[in-house]
Ligand code: C5P
């Protein structure tokens, strides 16, 4: 483990801003970035396209192992098709949180997540980065915000993209997703041992990024 590149693990609930913060921290440090949620979303999309029952763990596990996934210049490809936008839809996020309940799916995605750990280092975001995938991460951060603040951020993002949305529906959906992610048996969303909690309801993105960088510098020193 000693010679492996360092990992910063950033976990947190849906729409907590962890993706934005994690990718900016990676950029500042010149590290690689893993958006593990995108992998669950890819399995969700592929299973929908192939009409696989979201309750069928074994079949979903087989599907997840066979997926040809690639991340290229900000684009996400599934079997050579650009699905960058398609996996961001709310219904795919909800389906992802259902298929993510199955240990077979989590197991199938393990090696692809580990393969992102390449020099000079990795910033990985998700739900179980610190607890299951990279338990030896140098820095573990649990990034969160109130459900209301998160629903409002998601609402603004969608409106800015010209996608119509209702704040109360978004709030309801993300509370449903939080409940499922936190209460599941396999790799539930939790504050891992040794993780630092970063409450971002009142913080700007820059402040959150700076806090994580400061924590990392003091760990690395
Ligand atoms: O982070 P994002 O909202 O894109 O993730 C979609 C869903 O994938 C989450 O609601 C969660 O159920 C699942 N997920 C997970 N473990 C991860 C990342 C995401 O179970 N490491």
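In our numbering, the protein residues as written are 1 to 221. A virtual CB, placed ideally from N, CA and C, is assigned to each residue, including glycine. Since the structure is predicted, the reported quantities are computational estimates derived from the model, not experimental observations.
Around the C-beta of residue 140, are 16 or more other C-beta atoms found within 10 angstroms, so that it is buried, or is it exposed?
-> Buried: at least 16 other Cβ atoms inside 10 Å.
Alpha helix (DSSP H) segments (min. 4 residues) lying fully within the stretch 68-136 = 90-99, 103-108 and 110-114
Proximity test, residue 40 beta-carbon vs the ligand C5P heavy atom, cut-off 7 Å | yes
Test item: CB-CB of residue 11 and residue 213 under 8 Å = no
Heavy atom of the ligand C5P within 7 Å of residue 84 beta-carbon | no
Tell me whether residue 143 sits in a helix, a strand or coil according to DSSP, three-state version.
-> strand
Using only the heavy atoms of the ligand C5P, determine whether one of them is closer than 7 Å to the beta carbon of residue 181.
-> yes
For the stretch 21-57, which segments carrying the alpha helix (DSSP H) assignment without a break, of at least 4 residues, lie completely within its bounds, in sequence order?
-> Along the length of the stretch 21-57, whole alpha helix (DSSP H) runs at least 4 residues long occupy 36-49, reported in chain order.
Alpha carbon to alpha carbon, how far is residue 207 from residue 108? Give it in angstroms, no decimals.
-> 36 Å
Determine the DSSP secondary structure at residue 219, reduced to helix, strand or coil.
-> helix
Indicate whether at least one CB of chain B lies closer than 8 Å to the CB of residue 159.
-> You won't find chain B in this structure, because it holds only one protein chain.
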